[in-house]
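J.: Take a look at the following structure, please.
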Amino acid sequence: MAQFSLPEPQPDPLLQLIAQYRADTRSDKIDLGVGVYRDKHGNTPVMEAVKTAESNLHGQQQSKSYLGLTGDLEFVETLGNLILPNSSATVLGAQTPGGSGALRLAAELYHTAHPNGTLWVGLPTWPNHLPLTESTGLKTATYAYFDQATQRVQFDSMLQAVQSAKAGDAILLHGCCHNPTGADLSLDQWLTLATTIANRNIIPIIDIAYHGLGKGLDQDLAATRLIVESCEQTLIAASCSKNFGMYRDRTGAVYMAAHDSKTAQRAQAMFGLIARKIYSMPPDHGAAVVRLVLQDSVLKNLWLDELSTMVQRVNSLRAEMANQSPHLNFVATQFGMFSLLPLTPAQVDALINTHSIYLAGDGRINVAGCQPEQISRFVDALNEVGYQGTEK
Ligand SMILES: Cc1ncc(COP(=O)(O)O)c(C=O)c1O
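Pasting the structure below:
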């Protein structure tokens, strides 16, 4: 009889951490590990704008028949206008299962167009970036994006990577709120990068998953808009998981922003054909809800207000951490939910096991997982495990 012979599956370390946190019975435990937004009650709530749109949708929806390979194109266009209003490029895309689905389609499309191209990825990065893109068969190369010891972006190394890339290679960029470091380029650096990428004929693939959670929606999207205006063709993978709090609804879109409209049209059709070979069509609910929020000025303003409450909370937690420890000064200069503390694996273990403070093994913390009243315990625990902050 034929036997399945499967290798032992490697468990995902972050999912293991979540399970370990849940099983911990200590009442003062702190969860800085999970990658979702938490409010002042420690919850990841459904946003009011989303709830209202969901109830409107429930009343309005007449059919659940198939929509097509590219999903809800009104959603795609509405979200595209939010991300790239008044763009001089033609921006066309497809609805996808979350930002992950969008990244996969972007990588597939790039690989189809440039079978010998290399995708350049700065490290450290979101752990799923390499598996998601490499599973298309695409070649990848890495460069150092960030120095954890000094908490500085290694912009020279990034530019060097772009200089050494071949024309037609691609580079994966975090549009804002870099995960896991929280360290973004300055606008001047983005300008230099955009010009260099355009001059070298490199194709930017921008991952935007946290827009609205750093400095505010428009500021967070400024780099993406700049790159699109500078480069002939830009691929964008957009997630609605974080800024709409719709993690499990798998809502996102992939775009080709191209200065020749034929390329954008072909890319849109290709996205559908690629999706056909993977999951066929994206799930509808989340996209329909986001479309209803963005198309109704009252709901859109409510959503923007809720988003600004979220960003204020994250940024005030960052300020308070820096205020309570000089070793956390850099946390207040970074954006989005994450920072990557210069901790050794032994220090991370001690924080988890001795102090019931959960964080990823590489030292990544989710700032939003902390409550203001927990910061002093966090700072004390850091001191106790011998955390020294940054090198000068
Ligand atoms: C940097 C980055 N990109 C993309 C995603 C994808 O998010 P999702 O597929 O849940 O929309 C995430 C989620 O954690 C992320 O951190």
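Each residue of the sequence shown is one higher than the last, beginning at 1 in the numbering used here.
Built from N, CA and C at the ideal position, the CB exists for glycine as well.
From the DSSP output, in three-state form, read off glycine 93 for me.
T.: Reduced to three states, the DSSP call for glycine 93 is strand.
J.: Check threonine 118 in the structure and name its three-state DSSP category.
T.: Here threonine 118 sits in strand by DSSP.
J.: Since aspartate 349 is in the beta strand (DSSP E), which residue starts that stretch and which ends it?
T.: Run containing aspartate 349: none in the beta strand (DSSP E); it sits in the alpha helix (DSSP H), 345 to 353.
J.: Smallest Cα separation from lysine 166: which of Pro7, Ile352, Thr140?
T.: Among Pro7, Ile352, Thr140, the Cα nearest to that of lysine 166 belongs to Thr140.
J.: What is the DSSP secondary structure of tyrosine 397, counted as helix, strand or coil?
T.: Outside the modelled stretch of the chain, which goes from 1 to 392, sits residue 397, for which no answer is possible.
J.: Contact defined as beta carbons within less than 8 angstroms: I believe glycine 99 pairs with alanine 209. What is the distance between those atoms, to the nearest angstrom?
T.: Between alanine 209 and glycine 99 the Cβ distance is about 5 angstroms, and since that is below 8 angstroms, they are a contact.
J.: For ligand 1, any of its heavy atoms closer than 7 angstroms to the Cβ of tyrosine 247?
T.: Correct: tyrosine 247 has its Cβ closer than 7 angstroms to ligand 1.
J.: Since methionine 256 sits in a beta bridge, which residues does DSSP pair it with?
T.: Methionine 256 is bridged to Leu92, Leu235.
J.: Between the Cα of threonine 192 and those of Gln60, Met158, Asn301, Thr44, spot the shortest distance and give me the residue it belongs to.
T.: Nearest C-alpha to threonine 192: Met158.
J.: Report the rounded CA-to-CA distance for alanine 49 versus glutamine 163, giving the unit in angstroms.
T.: Each residue's alpha carbon lies about 45 angstroms from the other.
J.: Can you name, in chain order, every residue of its own chain whose Cβ lies under 8 angstroms from the Cβ of glutamine 61, other than the five neighbours on each side?
T.: So the list reads Ala288, once near-sequence residues are dropped.
J.: Considering only their Cβ atoms, is the gap separating phenylalanine 335 from glycine 212 smaller than 8 angstroms?
T.: Not in contact: glycine 212 and phenylalanine 335 (Cβ atoms no closer than 8 angstroms).
J.: Could you tell me if serine 339 is buried or exposed, where buried requires 16 or more neighbouring beta carbons within 10 angstroms of its beta carbon?
T.: Flag for serine 339 reads buried.
J.: According to DSSP, which residues form a beta bridge with alanine 170?
T.: DSSP lists Leu119, Ile203 as partners of alanine 170.
J.: Indicate the three-state DSSP secondary structure (helix, strand or coil) for valine 153 in the structure shown.
T.: Residue state, collapsed to three classes: strand.
J.: Quick check on serine 339: does DSSP put it in helix, strand or coil?
T.: In this structure, serine 339 counts as strand in the three-state DSSP scheme.
J.: Could you tell me which of His41, Asp12, Val34, Leu84 sits nearest to isoleucine 227, measuring between CA atoms?
T.: Checking every option, the nearest Cα to that of isoleucine 227 belongs to Leu84.
J.: Are the CB atoms of aspartate 169 and glycine 117 nearer to each other than 8 angstroms?
T.: Yes, Cβ-Cβ distance for aspartate 169 and glycine 117 is below 8 angstroms.
J.: Select from Ala198, Leu103, Arg313, Phe244 the residue whose C-alpha is nearest the C-alpha of glutamate 134.
T.: Closest by alpha carbon: Leu103.
J.: Could you compute how far the alpha carbon of valine 385 sits from the alpha carbon of aspartate 147?
T.: Distance between the alpha carbons of valine 385 and aspartate 147: 21 angstroms.
J.: Using the Cα positions of lysine 242 and glycine 33, report the straight-line distance between them to the nearest angstrom.
T.: Near 15 angstroms, if we compare the C-alpha coordinates of glycine 33 and lysine 242.
J.: Flag histidine 355 as yes when its Cβ comes closer than 7 angstroms to any non-hydrogen atom of ligand 1, and as no otherwise.
T.: No, ligand 1 has no heavy atom inside 7 angstroms of this Cβ.
J.: Alpha carbons only, please: which of Phe244, Tyr143, Ile205, Arg248 is nearest the one belonging to leucine 304?
T.: It is Phe244.
J.: At a threshold of 7 angstroms, does alanine 223 count as lining ligand 1 (C-beta to nearest heavy atom)?
T.: No; taking the cut-off as 7 angstroms, the Cβ of alanine 223 has no heavy atom of ligand 1 nearer than that.
J.: Note down the Cα distance separating glycine 272 from leucine 294, rounded to an integer number of angstroms.
T.: Cα to Cα, the separation comes out at about 24 angstroms.
J.: Once you ignore the five residues that flank valine 153 on each side, which residues in its own chain have a CB closer than 6 angstroms to its CB?
T.: Contacts found: Phe146, Ala183.
J.: Which residues does DSSP list as the beta-bridge partners of tyrosine 358?
T.: Tyrosine 358 is bridged to Asp31.
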